[in-house]
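In the numbering used here, the protein residues as written are 218 to 344.
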């Protein structure tokens with residue numbers, strides 16, 4: 218009897234793990250259907266920039282060697298791991314207003330003078 222209860226519980230745990238893994242995979246591979254992605258896309262369009270998917274980023278990185286990849290996470294997150302070719306430029310959500318001169322200089326130094334250069338900024342995900 219104990220073996221049967223154990224097997225039933227074990228089977229249920231395995232089933233739930235498989236189910237949650239399948240849902241996570243379905244969610245993570247369909248970025249553009251995420252409600253947060255949709256909301257971010259609306260804000261991006263309003264502000265005059267766009268969002269790209271990870272597949273689009275891979276294509277850009279493969280063909281544009283001058284692409285500037287900017288990781289806007291905190292420095293400790295950048296040090297823990299970042300995309301190849303990325304530079305760290307932490308962005309605070311309070312940075313939308315009038316920036317102090319030092320902060321503007323730091324941003325200009327990282328972003329460079331070329332206004333036509335493609336720039337991709339990334340942070341955490343939309344989950």
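All residues carry an ideal CB built from backbone N, CA and C; glycine is no exception.
Straight-line gap, residue i to residue j (C-alpha atoms, nearest Å)
{"i": "residue 276", "j": "residue 328", "result": "21 Å"}
{"i": "residue 337", "j": "residue 295", "result": "15 Å"}
{"i": "residue 350", "j": "residue 335", "result": "No answer is possible for residue 350: it lies beyond the span of the chain, which begins at 218 and ends at 344."}
{"i": "residue 246", "j": "residue 317", "result": "Confidence in residue 246 is poor, its pLDDT being 49 and thus under 50, which makes the residue's placement unreliable; the coordinate value appears in the next sentence. If I take the Cα positions, the gap works out to 39 Å."}
{"i": "residue 315", "j": "residue 264", "result": "17 Å"}
{"i": "residue 279", "j": "residue 251", "result": "26 Å"}
{"i": "residue 282", "j": "residue 331", "result": "14 Å"}
{"i": "residue 323", "j": "residue 311", "result": "16 Å"}
{"i": "residue 270", "j": "residue 319", "result": "32 Å"}
{"i": "residue 262", "j": "residue 292", "result": "28 Å"}
{"i": "residue 284", "j": "residue 272", "result": "15 Å"}
{"i": "residue 333", "j": "residue 260", "result": "22 Å"}
{"i": "residue 297", "j": "residue 321", "result": "26 Å"}
{"i": "residue 266", "j": "residue 274", "result": "15 Å"}
Cβ-Cβ separation, residue j to residue i (assumed contact under 8 Å), whole Å
{"i": "residue 258", "j": "residue 268", "result": "5 Å"}
{"i": "residue 301", "j": "residue 290", "result": "Not quite, the Cβ-Cβ distance comes to about 15 Å (not below 8 Å), so this is no contact."}
{"i": "residue 288", "j": "residue 254", "result": "Their Cβ separation, rounded to whole angstroms, is 19 Å, which puts residue 288 and residue 254 out of contact at 8 Å."}
Paired residues, beta bridge with residue i - DSSP
{"i": "residue 338", "result": "287"}
{"i": "residue 304", "result": "287"}
Residue from the options whose Cα sits closest to the Cα of residue i
{"i": "residue 341", "options": "304, 315, 299, 325", "result": "299"}
{"i": "residue 304", "options": "266, 325, 319, 271", "result": "325"}
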